[in-house]
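Counting in the numbering used here, the sequence shown runs from 13 upward without gaps. Quick reminder that beta carbons are idealized off the backbone N, C-alpha and C, glycines included.
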Amino acid sequence: MHKPSGLLVHRSVLDVHEERFAVQILRDQIGRHVHPVHRLDKGTSGVLLFALDRETAALVSAAFEQQAVRKTYLAVVRGHPPLEGVIDHPLTRRFDDAERRPDTAANAPAQDAVTRFHRLATTELPYQVDRYPTSRYALVELAPETGRRHQIRRHLKHISHPIIGDATFGKGRHNRLFAKLFGVSRLLLACTRMQLVHPHTGAPLDLNAPPADDFAHVLAALGWTQAAAR
């Protein structure tokens, strides 16, 4: 499934007023139960993988845990990061406000978290947002090797290149500039490719989802359509 930005994967106490969910939509489309095997944040668009039965879901979930699934993301970030690099920065487990924290959570050690990145394109816009007369942005391809909650968003914040449209880990002034210039206020993060082995046949699976229309609009406006398609 190509999940749009703003859609929850399943019903959650985090947004009790939401009435549409990816699980529900796909179930109604194909007329049978489905089981999500990984998670995308509400604001993230792109490849969302489901299994049709619990056994398959467990096998694919195990592949994710064993880091046997290669995931590729695109993000528009603030600033010009290095051409390529590895963010090896352990992350503490995050809990949403509505979740119950176990008593041991406060003392739990940070978990290993690794994200590889490659800068695809850069631009400099003639608008002063911070203290400089212009503002720099970049298109980045990311390959998370672990799957911690909000890992990509937190890692990019850690290296001072937060994702545009990220209301939690980003910068509101830059988010508002993109909303004003391009009419897009979504999180500019998308899972564009997922590669794994079929859990029953062993056949290689290469799942692709080009950037959604709202994301593609920003890429086109910045002259990054070709760079995103590399």
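Within 8 Å, strictly: CB atoms of residue i and residue j
{"i": "histidine 101", "j": "alanine 125", "result": "yes"}
{"i": "phenylalanine 129", "j": "glycine 159", "result": "no"}
{"i": "lysine 192", "j": "arginine 90", "result": "no"}
{"i": "lysine 15", "j": "leucine 52", "result": "yes"}
{"i": "alanine 233", "j": "phenylalanine 194", "result": "yes"}
{"i": "leucine 208", "j": "valine 81", "result": "yes"}
{"i": "valine 141", "j": "histidine 186", "result": "yes"}
{"i": "valine 196", "j": "valine 152", "result": "no"}
{"i": "alanine 133", "j": "tryptophan 236", "result": "yes"}
{"i": "arginine 44", "j": "leucine 19", "result": "no"}
{"i": "leucine 189", "j": "tyrosine 144", "result": "no"}
{"i": "valine 88", "j": "leucine 200", "result": "yes"}
{"i": "leucine 103", "j": "alanine 122", "result": "yes"}
Reduced DSSP category for residue i - H, G, I as helix; E, B as strand; rest coil
{"i": "phenylalanine 227", "result": "helix"}
{"i": "isoleucine 99", "result": "strand"}
{"i": "alanine 241", "result": "coil"}
{"i": "serine 57", "result": "strand"}
{"i": "aspartate 65", "result": "coil"}
{"i": "valine 196", "result": "coil"}
{"i": "histidine 171", "result": "For the sequence presented, residue 171 should be read as isoleucine rather than histidine. Looking at isoleucine 171 - three-state DSSP - the assignment turns out to be coil, as it is neither helix nor strand."}
{"i": "aspartate 115", "result": "Residue confidence for aspartate 115 is low, a pLDDT of 48 falling below 50, so the modelled location carries little weight and cannot support an answer."}
{"i": "alanine 215", "result": "coil"}
{"i": "histidine 186", "result": "helix"}
Residue of the options minimising C-alpha distance to residue i
{"i": "proline 223", "options": "Leu168, Arg242, Gly235, Cys203", "result": "Cys203"}
{"i": "isoleucine 176", "options": "Arg198, Arg160, Glu157", "result": "Arg198"}
{"i": "alanine 241", "options": "Val59, Leu86, Val46, Met13", "result": "Leu86"}
{"i": "methionine 13", "options": "Ala215, Leu38, Leu151, His210", "result": "Leu38"}
{"i": "threonine 127", "options": "Arg51, Leu193, Gly182, Gln79", "result": "Gln79"}
{"i": "threonine 213", "options": "Phe33, Pro16, Thr68", "result": "Thr68"}
{"i": "arginine 66", "options": "Tyr144, Trp236, Pro48, Leu20", "result": "Pro48"}
{"i": "valine 59", "options": "Ala239, Leu217, Gln140, Met206", "result": "Met206"}
{"i": "histidine 173", "options": "Thr56, Arg44, Ala74, Ile99", "result": "Ile99"}
{"i": "serine 147", "options": "His170, Thr135, Leu154, Pro156", "result": "Thr135"}
{"i": "arginine 131", "options": "Leu137, Ala150, Ala122", "result": "Ala150"}
{"i": "alanine 74", "options": "Val21, Arg32, His210", "result": "His210"}
{"i": "threonine 56", "options": "Ala122, Arg105, Gln163, Pro121", "result": "Gln163"}
Beta-ladder partner(s) of residue i, from DSSP
{"i": "glycine 18", "result": "DSSP lists no partner for glycine 18."}
{"i": "threonine 135", "result": "Tyr149"}
{"i": "phenylalanine 129", "result": "Gly97, Leu154"}
{"i": "histidine 47", "result": "Ala63"}
{"i": "glutamine 123", "result": "Leu103"}
Residue i - containing beta strand (DSSP E), residue span
{"i": "threonine 204", "result": "201-209"}
{"i": "arginine 288", "result": "Absent from the model: residue 288. The displayed extent of the chain is 13 to 242, so no value can be given."}
{"i": "lysine 83", "result": "82-90"}
N-terminal and C-terminal residue of the alpha helix (DSSP H) that residue i is part of
{"i": "arginine 105", "result": "Premise fails: arginine 105 is in no alpha helix (DSSP H) and is neither H nor E."}
{"i": "alanine 34", "result": "34-42"}
Residue i Cβ short of 7 Å to the ligand HEM heavy atom set
{"i": "threonine 213", "result": "The model on display carries no ligand, and the ligand HEM is accordingly not part of it."}
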